[in-house]
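Student:
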Amino acid sequence: DTAVSQTPKYLVTQMGNDKSIKCEQNLGHDTMYWYKQDSKKFLKIMFSYNNKELIINETVPNRFSPKSPDKAHLNLHINSLELGDSAVYFCASSQDSVVGVSYNEQFFGPGTRLTVL
Amino acid sequence: GENVEQHPSTLSVQEGDSAVIKCTYSDSASNYFPWYKQELGKRPQLIIDIRSNVGEKKDQRIAVTLNKTAKHFSLHITETQPEDSAVYFCAATSFSGGYNKLIFGAGTRLAVHP
Chain A
50 DTAVSQTPKY
60 LVTQMGNDKS
70 IKCEQNLGHD
80 TMYWYKQDSK
90 KFLKIMFSYN
100 NKELIINETV
110 PNRFSPKSPD
120 KAHLNLHINS
130 LELGDSAVYF
140 CASSQDSVVG
150 VSYNEQFFGP
160 GTRLTVL
Chain B
45 GENVEQHPST
55 LSVQEGDSAV
65 IKCTYSDSAS
75 NYFPWYKQEL
85 GKRPQLIIDI
95 RSNVGEKKDQ
105 RIAVTLNKTA
115 KHFSLHITET
125 QPEDSAVYFC
135 AATSFSGGYN
145 KLIFGAGTRL
155 AVHP
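Chains A and B are the protein sequences, given in the same order. Residue numbering for the first sequence follows the working numbering, beginning at 50 and increasing consecutively. Residue numbering for the second sequence follows the working numbering, beginning at 45 and increasing consecutively.
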């Protein structure tokens with residue numbers, strides 16, 4: 050049973066192309082996230098959704114557009130890919146993230162390694 | 045803005061020795077501090093966490109300590125084994141518009157030599 054899954058695992062594409070990464074969680078969690086891990090392994094949050102609503106939007110180029118069709122799915126679409134977008138993108142989910150509610154573990158997906166040529 | 049600093053960036057120990065990784069955080073409202081282990085090519089996985097109302101937590105060979113006054117928390121691994129070799133990340137919660145998010149440290153690459 051895969052708790053958080055992502056597709057594809059690897060994505061190799063040319064500069065200027067548009068691509069999407071999909072994420073699904075079967076844990077019944079309310080909150081989902083996208084992280085970017087660069088070549089130096091630094092993990093940085095990009096977006097977070099709570100019950101299909103965008104709640105966290107870090108300083109990310111507007112070429113990146115997340116979409117949550119339902120609370121079990123969070124997709125990431127990237128337009129006009131650039132060399133600097135090459136990284137591993139991780140999806141994650143947690144039970145809740147509302148302030149005042151006891152914070153819980155984030156479960157990560159297997160990652161999508163994006164290479165822009 | 046909020047920040048989590050992690051040291052050292054690399055750590056090399058002999059099998060059986062102890063390893064200690066230290067983190068400091070800037071947001072005094074942070075109340076949850078997880079540690080994640082990431083093996084090569086794999087996803088980060090939670091190994092232990094601590095909440096702000098607790099000063100220390102232990103799970104077999106790993107332990108975490110928290111000093112809220114100094115805004116420090118540390119991971120201690122005793123009797124290290126080669127399979128402990130991985131990148132370890134500390135993190136702390138930070139508030140953002142009514143919701144929590146995790147701010148991660150830069151990671152510590154631990155190598156345990158047989």
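Even for Gly, the Cβ is constructed at its ideal location relative to N, Cα and C. Since the model is a prediction, treat every value here as computed from it, not as a measurement.
(1) How far does the beta strand (DSSP E) with Val165(A) in it reach, from first residue to last?
(2) Which residues bound the beta strand (DSSP E) around Val98(B)?
(3) Let me know the secondary structure DSSP gives Asp13(A) once reduced to three states.
(4) So if I threshold CB-CB distances at 7 Å, which residues from the segment 76 to 101 of chain A count as touching chain C?
(5) Keeping to the same chain, check which residues put their C-beta closer than 8 Å to that of Thr62(A); ignore five residues upstream and five downstream.
(6) With DSSP as the reference, label Glu49(B) as helix, strand or coil.
(7) Which residues in chain A sit within 7 Å of Ser140(B), going by Cβ to Cβ distance?
(8) Is the beta carbon of Tyr138(A) less than 8 Å from the beta carbon of Lys85(A)?
(9) Please check the pair Gln155(A) and Ala121(A), which I expect to be a contact at CB under 8 Å, by giving their CB distance rounded to whole angstroms.
(10) Against Gly151(B), what residues of chain A qualify as contacts under a CB-to-CB distance less than 9 Å, listed in chain order?
(11) Could you say which of Ala136(A), Thr108(A) and Asn99(A) lies nearest to Thr161(A) if we only look at CA atoms?
(12) I'd like to know if the segment 128 to 147 of chain B and the segment 74 to 94 of chain B are in contact, where contact means that at least 3 CB-CB pairs between them fall below 8 Å.
(13) Using beta carbons (cut-off 8 Å, strictly below), is Phe157(A) in contact with chain B?
(14) With three or more beta-carbon pairs closer than 8 Å as the criterion, would you say the segment 92 to 110 of chain A touches the segment 52 to 62 of chain B?
(15) Check Pro126(B) in the structure and name its three-state DSSP category.
(16) Below 8 Å on the Cβ atoms is my guess for Ile94(A) versus Lys145(B); work out the distance and round it to an integer in Å.
(17) For Leu110(B), which of helix, strand or coil comes out of DSSP?
(18) Determine whether the Cβ of Phe113(A) lies closer than 8 Å to any Cβ atom of chain B.
(19) Going by alpha carbons, who is nearest to Ala114(B) out of Thr124(B), Arg153(B) and Thr68(B)?
(20) Would you say Tyr69(B) lies against chain A (beta-carbon separation less than 8 Å)?
Tutor: Based on what the coordinates show:
(1) On the first sequence, residue 165(A) is found 116 positions in, with the first residue counted as 1. First-last of the beta strand (DSSP E) with Val165(A): Thr161 to Val165.
(2) Within the second sequence, the letter at position 54 stands for residue 98(B). First-last for Val98(B): undefined, no H or E at that position.
(3) Residue 13(A) cannot be examined here, being either before or after the span of chain A that is shown, 50 to 166.
(4) Considering every chain present, this structure includes no chain C. Its protein chains are A and B.
(5) Locating residue 62(A) in the first sequence gives position 13, where the first residue counts as 1. Excluding positions up to five away in sequence, the list reads Lys68, Leu130, Leu163, Thr164, Val165 and Leu166.
(6) Here residue 49(B) refers to the residue found at position 5 when the second sequence is read from its first residue. The answer is strand: DSSP assigns Glu49(B) an E or B state.
(7) Residue 140(B) sits at position 96 when you count from the first residue of the second sequence. Here the neighbours are Ile105.
(8) As a first step, residue 138(A) is located in the first sequence; it is residue number 89 there, counting from the start. As a first step, residue 85(A) is located in the first sequence; it is residue number 36 there, counting from the start. The answer is yes: Cβ separation under 8 Å.
(9) Your numbering for residue 155(A) matches position 106 in the first sequence. Your numbering for residue 121(A) matches position 72 in the first sequence. No, Gln155(A) and Ala121(A) are not in contact; Cβ-Cβ is about 16 Å, not under 8 Å.
(10) Numbered from its first residue, the second sequence carries residue 151(B) at position 107. Residues of chain A passing the Cβ test: Lys89, Lys90, Phe91 and Leu92.
(11) Counted from its first residue, the first sequence places residue 161(A) at position 112. Cα-wise, what sits closest to Thr161(A) is Ala136(A).
(12) Yes: the two stretches touch, three or more of their Cβ pairs being nearer than 8 Å.
(13) If you number the first sequence from 1, residue 157(A) lands on position 108. So, interface residue.
(14) no
(15) In the second sequence, the residue the question calls residue 126(B) occupies position 82. The answer is helix: DSSP assigns Pro126(B) an H, G or I state.
(16) On the first sequence, residue 94(A) is found 45 positions in, with the first residue counted as 1. On the second sequence, residue 145(B) is found 101 positions in, with the first residue counted as 1. Indeed, because the Cβ distance is near 6 Å, the residues count as touching under 8 Å.
(17) For the purposes of this step, residue 110(B) is taken as the residue at position 66 of the second sequence. Three-state DSSP puts Leu110(B) in a strand.
(18) The residue given as residue 113(A) occupies position 64 in the first sequence. Not closer than 8 Å to any Cβ of chain B, the Cβ of Phe113(A) fails to qualify, so no.
(19) The count along the second sequence starts at 1 and reaches residue 114(B) at position 70. That would be Thr68(B), whose Cα lies nearest to the Cα of Ala114(B).
(20) Numbered from 1 along the second sequence, position 25 holds the residue referred to as residue 69(B). For Tyr69(B), the answer is no, since every Cβ of chain A falls outside 8 Å of its Cβ.
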